[in-house]
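Peer 1: Take a look at the following structure, please.
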Amino acid sequence: MSSNKEDNFLEGVHLDTLAVRAGIARTAEGEHSEPIFMTSSYVFNNAADAAATFAGEMAGNVYSRYTNPTVRTFEQRLAALEGAQQAVGTASGMSAILSTCMALLKAGDHVVCSRDVFGTTTNLFGKYLAKFGVEVSFVALLDLDLWRDAIRPNTAMLFMETPSNPLCEVADLQALSALAKENDSLLVVDNCFCTPALQRPLALGADIVVHSATKYLDGQGRCVGGAVVGSSELMEEVVTFLRTCGPTMSAFNAWVFLKGLETLRLRMDAHSQSAMEIANWLQAHKSVEQVYYCGLESHPGHELACRQQSAFGGVLSFEVKGKREQAWRCIDGTQIMSLTANLGDAKTTIVHPATTTHGRLTEEARAAAGIGDNLIRLAIGLEHVDDLKADLQRGFDAL
Ligand SMILES: *Cc1c(COP(=O)(O)O)cnc(C)c1O
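Quick note, this note's numbering runs 50 ahead of the 1-based positions in the sequence shown.
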């Protein structure tokens, strides 16, 4: 592989440039677009080279569970965007979280986790890690006192997402990072909703960022993947886990995500702009009780979001006037939006959290999390915003 002449020029350039240029390593063919290395293993020139490569004394690829050039390009590009020393690609967002935990936690450790994280993350901590002797306490995202009280001498990790799903609550990353540091715990942030285009948690004191690349990094709903991002020291542990246990990213998916990263900023800005416009429109609508979007000045997290994010993202929620029946009628009345729990897609999605993403919670837990029966979540895509408003109006007309 020839060296990347651009590497020297990438110091100090803007995120947009990194998103297009970082990590390129051209082969002798001189290809302009990043190639997909669809190969499970690699060959050596001779037995001595094979031995040296296996022993780690010579740089080179051995097997795609260990390294793959397309995956490496994705990793280098994402690391550059997050301002990190290293990123590691994984098979999914969940395997990014699992790999982080398996690499950096042990039996007897304790984790404090936000109550308002992706539902499957709650199950991973509450069901599977608990089975291996890792204890977890769930706390409300915004209550710093609860976080402080939950921390024990054996607390090895704090885990959270900001903004939260579906109410767009914004956590103070610097305050949580200070809390983690006081106790020598790691602060792990799921940056799926903002992506590095809008928020860089490592610069605010987080130790590790995890991603579901399935969402905005892809941006067009094609592939499942994930990533863990942080210091080389921490990532070395994660890489060792991945090489041993295998939930690695496929070369094809890495290539799709690479292409996704090239348009990340443009998409995130467009998602954010349309979401802002729709949030304002909904807030003034007679059929709407309340809107939850941290871009709105009336949202309690607005000021903090202005400080730690460059825009407010594509996900917002609102309560329709009425109960579950009205929420369902509104959803069923729309025609353009896709009724699916996924997000981070060019296609706008609409979902009823209380009976889908948060359907397995008890009624009390849902009430505590503020997820009412009349709540609807939108993940605004790239359609024209006027058409989305017209679609929501069809929903309101069906009430
Ligand atoms: C989707 C999602 C995950 C899980 O990612 P997968 O790629 O589906 O495994 C984790 N965190 C958040 C915030 C998500 O939205």
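We put the CB at the ideal spot given by N, CA and C, even for glycine.
Expressed to the nearest angstrom, what Euclidean distance is found between the alpha-carbon atoms of Arg357 and Val162?
Peer 2: For the purposes of this step, residue 357 is taken as residue 307 along the sequence shown, with counting starting at 1. For the purposes of this step, residue 162 is taken as residue 112 along the sequence shown, with counting starting at 1. Cα to Cα, the separation comes out at about 25 Å.
Peer 1: According to DSSP, is Arg317 part of a helix, a strand, or is it coil?
Peer 2: Along the sequence shown, read from residue 1 onward, the residue named residue 317 stands at position 267. DSSP places Arg317 in helix when its eight states are reduced to three.
Peer 1: If the criterion is Cβ atoms closer than 9 Å, does the pair Asn215 and Val167 meet it?
Peer 2: The residue you call residue 215 lines up with position 165 of the sequence shown. The residue you call residue 167 lines up with position 117 of the sequence shown. A contact, by the Cβ cut-off of 9 Å.
Peer 1: Does Ser281 come within less than 9 Å of chain B when only Cβ atoms are used?
Peer 2: Included in the structure is just one protein chain, with no chain B present.
Peer 1: Near Ala361, which residues of its chain fall below 7 Å by C-beta distance, leaving aside the five closest residues on each side in sequence?
Peer 2: Reading the sequence shown from its first residue, position 311 is the one you call residue 361. If we look at Ala361 and ignore the five residues flanking it on each side, its Cβ neighbours are Leu248, Met318, Asp319 and Ser322.
Peer 1: By Cβ distance, which residues of its chain are closer than 7 Å to Cys380, with the 5 residues on each side in sequence left out?
Peer 2: Locating residue 380 in the sequence shown gives position 330, counting from the first residue. Same-chain partners within the cutoff: Val370, Ile426, Gly445, Phe446, Ala448 and Leu449.
Peer 1: Run through DSSP, which three-state label would Ser53 get?
Peer 2: Taking the first residue of the sequence shown as position 1, residue 53 is located at position 3. Because the pLDDT of Ser53 is 46, which lies under 50, any placement of that residue in the model is unreliable, and the question is left without a value.
Peer 1: Using a threshold of 9 Å, state whether the C-beta atoms of Arg115 and Leu308 are closer than that.
Peer 2: The residue you call residue 115 lines up with position 65 of the sequence shown. The residue you call residue 308 lines up with position 258 of the sequence shown. Cβ atoms of Arg115 and Leu308: not closer than 9 Å.
Peer 1: Less than 8 Å between the CB of Cys242 and some heavy atom of ligand 1, yes or no?
Peer 2: Within the sequence shown, the letter at position 192 stands for residue 242. Checking the Cβ of Cys242 against ligand 1 gives yes.
Peer 1: Under the rule that 16 or more other beta-carbon atoms within 10 Å means buried, what is Leu155, buried or exposed?
Peer 2: Reading the sequence shown from its first residue, position 105 is the one you call residue 155. It is buried - the Cβ of Leu155 has at least 16 other Cβ atoms within 10 Å.
Peer 1: DSSP beta-bridge partners for Leu389?
Peer 2: Locating residue 389 in the sequence shown gives position 339, counting from the first residue. Ile400, per the DSSP bridge assignment.
Peer 1: Which residue from Met207, Glu232, Cys218 and Thr264 puts its Cα closest to that of Val239?
Peer 2: One-based indexing of the sequence shown puts residue 239 at position 189. Checked all of Met207, Glu232, Cys218 and Thr264; the closest Cα to Val239 is Met207.
Peer 1: Who are the Cβ neighbours of Glu219 in its own chain at under 6 Å, not counting the five residues just before and after it?
Peer 2: Looking up residue 219 in the sequence shown gives position 169. Result list for Glu219: Leu191, Leu192 and Gly351, in chain order.
Peer 1: Going by the C-beta, is Thr170 closer than 8 Å to any heavy atom of ligand 1?
Peer 2: Counting from one through the sequence shown, the residue named residue 170 turns up at place 120. Yes, the beta carbon of Thr170 sits closer than 8 Å to at least one heavy atom of ligand 1.
Peer 1: Does DSSP put Thr89 in a helix, a strand or coil?
Peer 2: By one-based count along the sequence shown, residue 89 stands at place 39. Correct three-state label for Thr89: coil.
Peer 1: Could you tell me which residues DSSP pairs with Val161 in its beta bridges?
Peer 2: Here residue 161 corresponds to residue number 111 of the sequence shown, with the count starting at 1. Paired residues: Val186 and Met207.
Peer 1: For Ser52, count neighbouring C-beta atoms within 10 Å of its own C-beta (all shown protein chains included) and say buried if the count is 16 or more, exposed if not.
Peer 2: Working through the sequence shown from its first residue, we reach residue 52 at position 2. Legend: pLDDT at Ser52 = 44, less than 50; position of this residue unreliable, value from coordinates given subsequently. Classification of Ser52: exposed, given that the 10 Å Cβ count is below 16.
Peer 1: Could you pull the start and end residues of the alpha helix (DSSP H) that Phe302 belongs to?
Peer 2: In the sequence shown, residue 302 corresponds to position 252, counting from 1. Residues Ala301 to Glu312.
Peer 1: From this set, His261, Thr172 and Leu267, which residue's C-alpha is nearest Ala415's C-alpha?
Peer 2: For the purposes of this step, residue 415 is taken as the residue at position 365 of the sequence shown. The shortest Cα separation from Ala415 among His261, Thr172 and Leu267 belongs to Thr172.
Peer 1: Check whether the Cβ atoms of Gly305 and Thr120 lie closer than 9 Å to each other.
Peer 2: Position 255 of the sequence shown, counting from 1, holds the residue named residue 305. Position 70 of the sequence shown, counting from 1, holds the residue named residue 120. In the sequence under discussion, the amino acid at residue 305 is Trp, which differs from the Gly named in the question. In this structure, Thr120 lies closer than 9 Å to Trp305 by Cβ.
Peer 1: How big is the Cα-Cα spacing for Gly296 and Lys439?
Peer 2: The sequence position of residue 296 within the sequence shown is 246, counting from 1. The sequence position of residue 439 within the sequence shown is 389, counting from 1. Between Gly296 and Lys439, the C-alpha separation is close to 44 Å.
Peer 1: Using a Cβ distance threshold of 8 Å, determine whether the stretch 322–333 contacts the stretch 197–211, with at least three qualifying pairs required.
Peer 2: Counting Cβ pairs under 8 Å, fewer than three are found: no touch.
Peer 1: Going by DSSP, what residues sit across from Val340 in a beta bridge?
Peer 2: Here residue 340 corresponds to residue number 290 of the sequence shown, with the count starting at 1. Looking at the sequence shown, residue 340 is not Val but Gln. According to DSSP, Gln340 bridges with Glu369.
Peer 1: For Gln136, does the three-state DSSP call read helix, strand or coil?
Peer 2: Taking the sequence shown and counting its residues from 1, one reaches residue 136 at position 86. Here Gln136 sits in strand by DSSP.
Peer 1: Quick one: Cα of Asn54 to Cα of Ala75, how far?
Peer 2: The sequence position of residue 54 within the sequence shown is 4, counting from 1. The sequence position of residue 75 within the sequence shown is 25, counting from 1. The predicted model places Asn54 with a pLDDT of 49, which falls under 50 and marks its position as unreliable; any figure quoted below should be read in that light. Distance between the alpha carbons of Asn54 and Ala75 is about 5 Å.
Peer 1: Any heavy atom of ligand 1 closer than 8 Å to the Cβ of Ile147?
Peer 2: Working through the sequence shown from its first residue, we reach residue 147 at position 97. Yes; taking the cut-off as 8 Å, the Cβ of Ile147 has a heavy atom of ligand 1 nearer than that.
Peer 1: Using a threshold of 8 Å, is the CB atom of Ser262 nearer than that to any non-hydrogen atom of ligand 1?
Peer 2: Taking the first residue of the sequence shown as 1, we reach residue 262 at position 212. Yes - ligand 1 has a heavy atom lying nearer than 8 Å to the Cβ of Ser262.
Peer 1: Any chance the CB of Ser142 is under 8 Å from a heavy atom of ligand 1?
Peer 2: The residue given as residue 142 occupies position 92 in the sequence shown. For ligand 1, at least one heavy atom lies less than 8 Å from the Cβ of Ser142.
Peer 1: For the candidate residues Leu442, Gln135 and Ala72, whose alpha-carbon lies nearest to that of Glu286?
Peer 2: Here residue 286 is taken as the residue at index 236 of the sequence shown, counted from 1. Checking every option, the nearest Cα to that of Glu286 belongs to Gln135.
Peer 1: Would you please state the rounded distance, in angstroms, between the beta carbons of Ala396 and Gly269? I believe it to be under 8 Å.
Peer 2: Mapped onto the sequence shown, residue 396 falls at position 346. Mapped onto the sequence shown, residue 269 falls at position 219. Indeed they touch by this definition, with Cβ atoms about 7 Å apart.
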